[in-house]
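Participant:
In the working numbering, the protein residues as written are 2 to 206.
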């Protein structure tokens, strides 16, 4: 008995990719389509950066009822000169502290637990009447600013931080407190609203 060979399947040529039409109009339409997409992306990115760069202030979500609102604080650093302990009584006598606070501060200075520094302040605009609170080491002084430097003595414990808060609404365009430091006059960060604060990190010289 003769075995007949099985018929071999007919081999068909594999499909080959067809070349793109050489029609110039088709190529032009394809290029314009891609160029339109790139242009749209470019315009979108430009609008994004323009919107973010020209925004006056970011939107702030209202605070939660369970979380107290924290005033905005702008930080800066100042270098201040320490007063000799012998000058502490006279410096405190001209300060805005109460007699009881003066006695406590003087006792701490004598014990070496506290140092006194000077930082005369003024309103950089020259205006008279803006009030600020200056708080450090748990003690607060209220100062009415003028266009001239006025005496301000500050008790520092260790790494001192001075918190300056406006009490009266800052005048337009902004309240800028000028401070006389060990390096000369310096302008502190501007205050424009009552809920702003300036936090100064003190370097005692």
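The C-beta atom is built at its ideal place from N, Cα and C for all residues, glycine as well.
1) Three or more C-beta pairs under 8 Å: does that hold for the stretch 168-176 against the stretch 81-94?
2) Looking at residue 93: is its Cβ nearer than 9 Å to the Cβ of residue 124?
3) How long is the line joining the alpha carbons of residue 143 and residue 77, rounded to whole angstroms?
4) If you measure between the beta carbons of residue 190 and residue 150, is that distance less than 9 Å?
5) Report the residue from 204, 179, 164 whose alpha carbon sits nearest the alpha carbon of residue 197.
6) Would you call the CB atoms of residue 75 and residue 184 closer than 9 Å?
7) Would you kindly report the start and end of the unbroken beta strand (DSSP E) that includes residue 134?
8) Start and end of the alpha helix (DSSP H) containing residue 196?
9) Helix or strand or just coil, what does DSSP make of residue 102?
10) Just tell me which of 100, 101, 86 has its CA closest to the CA of residue 113.
11) Straight-line CA distance for residue 202 to residue 157?
12) Rounded to whole angstroms, what's the CA-CA distance from residue 135 to residue 111? Just pull it up for me.
13) Who are the near neighbours of residue 140 in its chain, counting only those whose CB is closer than 7 Å to its CB and skipping five residues on each side?
14) Between which two residues does the alpha helix (DSSP H) harbouring residue 92 extend?
15) In whole angstroms, what separates the C-alpha of residue 131 from that of residue 96?
16) Hey, how far is the Cα of residue 60 from the Cα of residue 126?
17) Hey, would you say residue 133 sits closer than 9 Å to residue 117, going by beta carbons?
18) Less than 8 Å between the CB atoms is what I'm expecting for residue 148 and residue 128, so what's the real figure, rounded?
Facilitator: Answer, in terms of the structure:
1) no
2) no
3) 20 Å
4) no
5) 164
6) no
7) 132-137
8) Residue 196 -> no alpha helix (DSSP H), and no H or E assigned at all.
9) helix
10) 86
11) 11 Å
12) 23 Å
13) 98, 102, 156
14) 89-94
15) 18 Å
16) Only weak support exists for where residue 60 lies, its pLDDT of 39 falling under 50; the value from the coordinates is given anyway. Residue 60 and residue 126: Cα-Cα distance of roughly 30 Å.
17) no
18) 7 Å
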